[in-house]
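Listed in order, the protein sequences are those of chains W and X. Note that the first sequence covers residues 21 to 476 in this note's numbering. Note that the second sequence covers residues 1450 to 1602 in this note's numbering. The C-beta atom is built at its ideal place from N, Cα and C for all residues, glycine as well. Computed from a predicted structure; not experimentally measured. What follows is a single structure, written as structure tokens, with notes after it.
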Amino acid sequence: MTDQAQTTPAEPTEELERSITGRLLFFYVLGDVLGSGIYALIGVMAFTVGGAFWLSFVVGVTIALLTGFAYAELITKYPQAAGAALYTHKAFKSRPLTFLVTFSLLAATIAAAGTLARVFGGTYFNEFVDGVPVALVAVVFIVVLSLINFRGITESVWANMIMTLVETTGLLIILVVGGTVFAQGDADFSTPFELNDGNPTLVVLSGVALAFFAMTGFENAANIAEEVKEPSKVFPKALLGGMALAGILYMVIAFIAAMVAPLADLTAGDGEEGSLLTVVQAGPLAIPELVFSAIALVAVTNTTLVSLVAQSRIMYGMAKQGIVPKVFAKTHPGRRTPWVAIIFTSALVCILLLVADVDRLATVTVLFLIVVYGMVCLAALKLRSSRVDHDHYRAPTALLVLGVVANLGILVYTMVDDPGSLVWCGGIVAIGVALYFVNNAFMKDAPPIDDADLVT
Amino acid sequence: MHVIIATDGSKQSLQAARYLKSFADPDTITSIGVLAVTSPLAAVPFASEGDTGRKDIEELSFRAAAEAATAQIAEVLADWGPKVTQQVRSGSPATEIVKAAKAKEAGLIVVASQSGRASAVLMGSVAHRVLNHATCPVLVVRPGAKVKKPAKR
Chain W
21 MTDQAQTTPA
31 EPTEELERSI
41 TGRLLFFYVL
51 GDVLGSGIYA
61 LIGVMAFTVG
71 GAFWLSFVVG
81 VTIALLTGFA
91 YAELITKYPQ
101 AAGAALYTHK
111 AFKSRPLTFL
121 VTFSLLAATI
131 AAAGTLARVF
141 GGTYFNEFVD
151 GVPVALVAVV
161 FIVVLSLINF
171 RGITESVWAN
181 MIMTLVETTG
191 LLIILVVGGT
201 VFAQGDADFS
211 TPFELNDGNP
221 TLVVLSGVAL
231 AFFAMTGFEN
241 AANIAEEVKE
251 PSKVFPKALL
261 GGMALAGILY
271 MVIAFIAAMV
281 APLADLTAGD
291 GEEGSLLTVV
301 QAGPLAIPEL
311 VFSAIALVAV
321 TNTTLVSLVA
331 QSRIMYGMAK
341 QGIVPKVFAK
351 THPGRRTPWV
361 AIIFTSALVC
371 ILLLVADVDR
381 LATVTVLFLI
391 VVYGMVCLAA
401 LKLRSSRVDH
411 DHYRAPTALL
421 VLGVVANLGI
431 LVYTMVDDPG
441 SLVWCGGIVA
451 IGVALYFVNN
461 AFMKDAPPID
471 DADLVT
Chain X
1450 MHVIIATDGS
1460 KQSLQAARYL
1470 KSFADPDTIT
1480 SIGVLAVTSP
1490 LAAVPFASEG
1500 DTGRKDIEEL
1510 SFRAAAEAAT
1520 AQIAEVLADW
1530 GPKVTQQVRS
1540 GSPATEIVKA
1550 AKAKEAGLIV
1560 VASQSGRASA
1570 VLMGSVAHRV
1580 LNHATCPVLV
1590 VRPGAKVKKP
1600 AKR
């Protein structure tokens, strides 16, 4: 608070209270990234790749980091909450392309929430109440979190920091388990280097999409871009630092998991029954399973809530721009939350999680996200020619080019490897296209914005 | 005396400002701070009621919406006498309102409230939380409240 605000009534000053420091941002990124994958997908990954699934993390984390560089440049260049959609719009001025990116991001967060809800209802929840169907727990979970979203999230980033500390504690437990096993000389050093049968490169690649899922969430950092102090200085370090730390943790933990737990236990039930809890159970430390499960549930809850908020926010933004029917921009008069968007997106999450399993949902999430990430890398390159009148971070051009190539590569590989996912993605896109046309039919009076209007 | 007027971009906030103007003495009030709080982690960090038209993607800024909301209130109070300043903070609305009041050593906080009893208990009302934490008098204006039953809006 400065005294600058005390000016004449004729010239009221805007006092911008930017509250988020580099450290808070770092924890925000770390929390968003950490909660999602490692607690969720370790079993499925071990099943897909074999004991050496940490190698898939190496590849997945690297590609995500490349994308992180593009985000760091664009967020500091255009510090607005709109994120990927805004960058695409600025770079290509094409309505269909902007729609594709916006909708892909929406679909990805919906599928991600479905994945996480199923993980919530799986092994960790079973530690508390056994015998409840996964789908039932998952639906109730989504309904409860949607009510919280409707009530309004006003908590500070400090609350997020506490959640992140809980998530990190869970991972530290695994590190300690690994360290103890290693010190006692009980470590199994052959499993972490075993791959499933097949061409080694392809087997490692088959786990990359899932590893990639574990890195998602960092793009939410764009949401708080407007609130960060000295964004150009702080953002690259906090964003890339948070991602790098999360990535290294993942690799180490994946290695420990294979070193400590028998592969057969990790991959039980096609991997859906294996989790970090399996590692704790196999380890020598007497950590109550309930405590560890509670930590995992907190981690998954945090990330699911972030996804639910993100999807209602994207939907609201699309409605505001007239891309989807305006009803989705309706906010509740008291709460100021977009209740129509919340109901619609949560319903989609519930439908998805009822009909698909964790592996499928995660793959669908990743396919949509790769489209977004690839476009962001491309947009960063394209926008090199447009200048802004403030300092911003400039990522090494080679890394951005690599980012485009790598995202494209994973996209093509995942589509070839798992063509079934395309059907799902197609179905989801169909919903978006339907919305688009319904909107156009009802909004005859308001013609779509011409490209001419977009040129600034 | 410094007065803080909090706005969430609603008509009620505007009415609260008009109400203050209708009875308070502009000579006692030295300055007025109009405050809007954005919640960056929420689905809609800030929605102003005045802001209904279609938006271009580049105009879709929650901070801009908050700034528009404070400007609207500032306009109402512009010719009244006291100095008017505008401020946008980010975080939890009630906490930030109380913090702003403390920082400026405000003598009064003006907020509008539109929640009925049930929703205030279930969901928690900003006005209620401000009342519980403020270190100065609080004026809660309830323009929407009907006599017979709690207003929905």
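(message) Once DSSP output is grouped into helix, strand and coil, what is the label at H410(W)?
(response) coil
(request) Give a yes or no on whether the minimum CB-CB distance between Q1521(X) and chain W is below 8 Å. (result) no
(message) Please report the straight-line C-alpha distance between A84(W) and A400(W), rounded to a whole angstrom.
(response) 15 Å
(message) Is it buried or exposed, I410(W), if we count other Cβ atoms within 10 angstroms and call 16 or more buried?
(response) The sequence given here places His at residue 410(W); Ile does not occur at that position. Looking at its Cβ environment, which holds fewer than 16 other Cβ atoms inside 10 Å, H410(W) is exposed.
(message) What residue range does the alpha helix (DSSP H) around G1458(X) cover?
(response) In the DSSP assignment, G1458(X) falls outside any alpha helix (DSSP H) and carries neither an H nor an E.
(message) Considering just the uninterrupted stretch of the alpha helix (DSSP H) at G82(W), what are its terminal residues?
(response) One detail in the question is off: residue 82(W) reads as Thr in this sequence, not Gly. For T82(W), the enclosing alpha helix (DSSP H) stretches over residues W74 to K97.
(message) Any C-beta of chain X within less than 7 Å: which residues of the region 346-361 of chain W qualify?
(response) T351, P353, G354, R355, R356, T357 and P358
(request) Please report the Cβ distance between V1525(X) and I1481(X), rounded to the nearest whole angstrom; I am assuming they are in contact, meaning their Cβ atoms lie under 8 Å. (result) Not really, about 10 Å apart at Cβ, beyond 8 Å.
(message) Under 8 Å, Cβ to Cβ, is there at least one residue of chain W near L1509(X)?
(response) yes
(request) Please check the pair F232(W) and G80(W), which I expect to be a contact at CB under 8 Å, by giving their CB distance rounded to whole angstroms. (result) 4 Å
(message) Quick check on DSSP: helix, strand or coil for R115(W)?
(response) helix
(message) Could you tell me the alpha carbon to alpha carbon distance between V443(W) and I58(W), rounded to whole angstroms?
(response) 27 Å
(request) Given a cut-off of 8 Å, decide if D52(W) and T323(W) are closer than it, judged by their beta-carbon atoms. (result) yes
(request) Give a yes or no on whether the C-beta atoms belonging to A415(W) and A111(W) are separated by under 8 Å. (result) no
(message) Residues in the same chain with beta-carbon distance under 6 Å from A1543(X), minus the five sequence neighbours each way, listed in chain order, please.
(response) V1575, R1578 and V1579
(message) Please tell me whether, using a cut-off of 7 Å, the distance from the CB of S1574(X) to the nearest non-hydrogen atom of the ligand GTP is below it.
(response) You won't find the ligand GTP in this model; it holds no ligand whatsoever.
(request) For K340(W), return the contacting residues in chain X, with the cut-off set at a CB-CB distance below 8 Å. (result) Chain X residues near K340(W): R1503, K1504 and L1509.
(request) Check the Cβ-Cβ distances between P1489(X) and every residue of chain W, and say whether any is below 8 Å. (result) yes
(message) In whole angstroms, give me the CA-to-CA distance for V1445(X) and M279(W).
(response) Here chain X has residues from 1450 to 1602 only, and residue 1445(X) is not among them.
(message) Less than 8 Å between the C-beta atoms of V224(W) and V69(W), yes or no?
(response) yes
(message) Bridge partners for I1453(X) per DSSP, in chain order?
(response) G1482(X) and I1558(X)
(message) For D1528(X), count the other beta carbons within 10 Å of its own beta carbon; 16 or more makes it buried, fewer makes it exposed. Which is it?
(response) In the assembly as shown, D1528(X) is an exposed residue. Its beta-carbon has fewer than 16 other beta-carbons within 10 Å.
(request) Find the residues of chain X that neighbour G42(W), judging by a C-beta separation of less than 9 Å, and give them in chain order. (result) Within 9 Å Cβ-Cβ: nothing; G42(W) doesn't reach chain X, min ~16 Å.
(request) Kindly indicate if chain W contains any beta-carbon less than 8 Å away from that of Q1563(X). (result) yes
(request) Report the neighbours of S332(W) on chain X: residues whose CB is nearer than 9 Å to its CB, in chain order. (result) A1492 and V1493
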